[in-house]
Structure formats: C-alpha cells, structure tokens
Amino acid sequence: MNVLDDEDDQSFHATRDGYYHLSDVEWDAVERMGSTMGIHAVSVVLEALNRDAQHATIAKFIQNELDAEREKVALIHQQGS
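Take -12 as the starting number for the sequence shown in the working numbering and just add one per residue.
And the structure:
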C-alpha cells in the first residue's frame, strides 16, 4: 500500500484505510514522523512492519518526542534558576 498521494508532493498525505488498527494518537504521530523522517521513509517503515511492530515503532517515536520535550523543559528550568 502506497501512503503517498503524489510522489512529487513533499507533504505527508497518507490514508488510514490500510492502517485502521492505529489509534488517532498513533496516526497523528505517523503524520509527524512524515515531516520529521520524510514521507518515503515512513512509507517504507509502515509497509515493512507488521501491526505489532508498527505500534511499537510509533510508540518509540512518541516516547522520543516526549523525552526531547522533557529535556527542553529541564534546560529552561536550569537556566531560570
């Protein structure tokens, strides 16, 4: 399943038809992955992995986002002290 609407378009336009098993939160993360990693990379990842691995990969991406935000907050807090 190709998750790209237009190969020349650099924005991520995926359909959920083939990924109905992903939650709204996971799908939002998939869209962020597209802008972070690139649409072609996300397409390859989703197509190559089974459902469980998709969930795990998306969860890891979300965790990395959270960790990065926590680090920013910690730095701001340290600078404010």
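Glycine residues also receive a C-beta, built at the ideal position from the N, C-alpha and C atoms.
Fair warning: this is a prediction, and the values are worked out from it, not measured in the lab.
Contact between F48 and A28 is absent: CB atoms are separated by about 12 Å, not below the 8 Å threshold. DSSP places H27 inside the alpha helix (DSSP H), whose first and last residues are 26 to 35. Annotation: W14 to A61 spans about 28 Å, alpha carbon to alpha carbon. Taking C-beta separations shorter than 6 Å and ignoring five residues to either side along the sequence, A40 has no partners in its chain. Sorting S22, K59, S30, I45 by C-alpha distance to the C-alpha of S10 places I45 at the top.
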